[in-house]
Amino acid sequence: MGGGGEEGNNLEFTPTWVVAVVCSVIVAASFAAERFLHYGGKFLKRKNQKPLYEALEKIKEELMLLGFISLLLTITQNGIIRICVPVGWTHHMLPCSLKDKEKEESTKTTSHFQTFFSFSDISGTARRLLAESESENEDHQPATGEKLCARKGKVPLLSVEALHHLHTFIFVLAVAHVTFCVLTVVFGGLKIREWKHWEDSIGNDNKNETQPVLEPTVTHVHQHAFIQNRFTGLGKDSAVLGWVKSFFKQFYGSVTKLDYVTLRLGFIMTHCKGNPKFNFHKYMIRTLEDDFKKVVGISWYLWIFVVIFMLLNVHGWHAYFWISFIPLILLLAVGTKLEHVIIQLAHEVAEKHSAIEGELVVQPRDDHFWFNRPHIVLFLIHFILFQNAFEIAFFFWIWVTYGFDSCIMGRVRYIVPRLIIGVFIQLLCSYSTLPLYAIVTQMGTHFKKAIFDEQVQARLVGWAQKAKKKGQRGDNSLSGQESSRAGAGIQLGSVFRRESASEDNVIVPRNDGSE
């Protein structure tokens with residue numbers, strides 16, 4: 041049985057109606073959850089929301105992983121509690137001090153004896169307990185892990201109750217992570233959708249331009265509003281002041297209409313110059329949906345972080361308090377960096393040109409991002425959301441399982457800042473950092489595959505695979521010019537196997553002519 045050290049009747053002496061009722065409830069709840077996810081997936085497919093459907097599939101994978109962890113803990117429970125270790129091994133690196141444990145045990149003992157001696161028939165109770173003990177010995181029931189280790193003068197490696205609590209915490213952590221990711225993307229998406237009227241106004245302006253301009257106007261670079269807002273003033277002549285300005289900018293008006301119009305034009309002139317009416321807002325929404333399926337899962341390195349935290353959660357270290365600053369520092373660093381990328385784009389234009397003919401066009405480049413890799417920002421946001429969910433899930437799990445006054449909960453002066461930091465991270469990431477990420481990371485050298493709709497993506501991938509197969513056949517039968525064409529087909533096929541390369545300008549040729 042999975043109960044191990046738990047007391048009570050086993051399945052042999054449990055009423056069948058109890059077993060049937062419990063099984064019915066569990067199966068009905070599980071089936072309802074499965075049907076809910078199934079019909080949710082069908083709804084997303086019907087609405088052509090493939091990225092969100094893939095995110096839902098990712099959630100199903102996480103649930104399957106949780107089910108496997110649950111099954112593994114249940115199967116190995118009896119084996120784990122029968123692993124005996126010396127008593128001295130369990131006196132080190134405790135979440136609570138031994139004094140707290142002795143105080144709790146003394147409280148339970150006092151309560152037990154008060155209850156015991158409240159009965160009038162003390163001798164009858166004693167005789168009954170003695171008879172039950174003798175009956176238990178006569179039945180020769182197998183010893184639990186605690187009794188088995190006690191005979192050896194040792195203690196179990198992990199008790200049944202501790203295993204149950206660990207099992208519960210893993211489930212709560214996964215649910216909290218998925219919930220906070222969904223909330224972040226939903227609220228961040230609402231903020232980004234507010235920019236749609238900017239896109240619509242740009243489209244309306246393009247339609248109203250019926251009268252062609254014969255000669256483009258030449259404007260001094262410092263007269264452009266984007267340069268005045270992002271380059272001149274504080275931070276113009278000092279890199280340090282520029283970073284300070286970027287730090288505070290993320291808290292108010294992180295993205296203005298002027299920023300949106302300028303970055304949109306820079307993207308279109310770099311990646312799709314032949315389509316000035318390109319819907320940049322719809323492209324951003326598709327890329328955000330694509331990225332959502334990456335952040336909603338719990339990757340292996342995040343589980344490593346959980347294990348490290350469990351190791352460092354030692355009494356007196358207040359690890360849960362100090363670790364709560366990690367996502368806060370990372371979030372502020374990411375927001376500052378994204379704001380500074382916009383300043384760098386303005387700084388680059390202002391340094392290269394004294395006057396600009398026509399509209400101001402920024403040049404997207406990977407050089408503006410950490411290690412020339414814009415996707416590092418997504419990795420950091422993934423870690424921030426998970427770590428924040430971990431902090432909040434850990435708090436509520438301790439509260440429900442052990443109580444607010446538990447020694448593992450810690451002191452109030454450490455609890456309140458953790459909760460404030462968690463709420464602040466959630467709000468800042470939803471309303472500032474995520475919208476910043478959605479638009480600024482488009483300022484890389486390569487565009488993302490979401491620039492095409494799903495049908496075009498499927499056709500391009502199929503075409504590349506056919507070109508690869510044709511190229512492989514050509515390598516065996518052709519030579520010279522045909523062989524070189526086959527090599528080109530193989531190279532194009534490899535492009536579509538790598539997401540980063542699929543975003544290259546091999547698919548959509550750039551026009552690097554005069555701006």
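Per our numbering, the sequence shown starts with residue 41, numbered consecutively. Even for Gly, the Cβ is constructed at its ideal location relative to N, Cα and C. For clarity, every value in this text was computed on a predicted model and none was experimentally measured.
Expected contact under 8 angstroms - CB spacing of Thr310 and Pro414 to nearest Å | The Cβ separation is near 14 angstroms, so there is no contact.
Would DSSP call Val401 helix, strand or coil? coil
query = Can you find at least 3 beta carbon pairs, one from the stretch 119 to 138 and one from the stretch 353 to 372, that sit closer than 8 angstroms?
reply = yes
Worksheet item: Roughly how far, in whole angstroms, is the beta-carbon of Gly306 from the beta-carbon of Val452, given that I think they are within contact range, below 8 angstroms?
Response: Actually they do not touch by this definition, with Cβ atoms about 50 angstroms apart.
**Asked** DSSP beta-bridge partners for Val127?
**Response** DSSP output for Val127 lists no bridge partner at all.
* Leu532 by DSSP, collapsed to three states: which one? -> Annotation note: pLDDT 37 at Leu532 (below 50); position unreliable, coordinate value reported separately. The answer is helix: DSSP assigns Leu532 an H, G or I state.
Given a cut-off of 8 angstroms, decide if Glu74 and Lys333 are closer than it, judged by their beta-carbon atoms. no
- [ ] Would you check if the stretch 224 to 231 and the stretch 462 to 470 touch, i.e. whether three or more CB-CB distances between them fall below 8 angstroms?
- [x] yes
Classify Ile363: buried if its beta carbon has 16 or more other beta carbons within 10 angstroms, exposed otherwise. buried
Since Gln290 and Leu476 are thought to touch, with beta carbons under 8 angstroms apart, how far apart are those beta carbons, to the nearest angstrom?
7 angstroms
Write down the C-beta distance between Arg405 and Phe435 rounded to the nearest angstrom, noting that I regard them as a contact closer than 8 angstroms.
Actually they are not in contact, since the Cβ atoms of Arg405 and Phe435 sit about 42 angstroms apart, beyond 8 angstroms.
Problem set entry | Residue span of the alpha helix (DSSP H) that contains His78, given as start and end | 56 to 86
Reference Phe487, options Arg304, Ile455, Leu77, closest by Cα: Arg304
Residue range of the alpha helix (DSSP H) that Phe361 falls in?
359 to 363
*Proximal residues to Lys297 (C-beta, below 6 angstroms), its chain only, five neighbours per side dropped*: Trp238
Alpha carbon of Ser286 to alpha carbon of Val463, nearest angstrom:
22 angstroms
Where the alpha helix (DSSP H) containing Glu431 begins and where it ends: 415 to 442
- [ ] Tell whether a beta-carbon distance below 8 angstroms holds between Ile479 and Met324.
- [x] yes
message: I need the boundaries of the alpha helix (DSSP H) containing Pro475, first residue and last residue.
response: 474 to 480
Query - Among Leu96, Glu97, Thr208, the one whose alpha carbon lies nearest that of Thr441 - result: Thr208
- Could you check how far apart the C-beta atoms of Gly337 and Lys98 are, in whole angstroms? I think they sit under 8 angstroms. 5 angstroms
Whole runs of the alpha helix (DSSP H) within the stretch 297 to 331, excluding any shorter than 4 residues = 297 to 311
Check your understanding: Pro196 bridges to which residues according to DSSP?
Key -> Cys124
How many angstroms separate the CA atom of Ala373 from the CA atom of Val280? 14 angstroms
N- and C-terminal bounds of the alpha helix (DSSP H) containing His280 | The sequence shown places Val at residue 280, not His. Element bounds for Val280: 279 to 289.
Check your understanding: Sorted by chain position, which residues of the same chain lie with C-beta nearer than 7 angstroms to Ile109's C-beta, five sequence neighbours on each side aside?
Key -> Ile210
key: Through-space distance from Phe426 to Phe419, alpha-carbon basis   = 11 angstroms
Alpha carbon to alpha carbon, how far is Ile460 from Glu431? Give it in angstroms, no decimals.
11 angstroms
**Request:** Could you check what DSSP says for Gly337 in three-state terms: helix, strand or coil?
**Result:** coil
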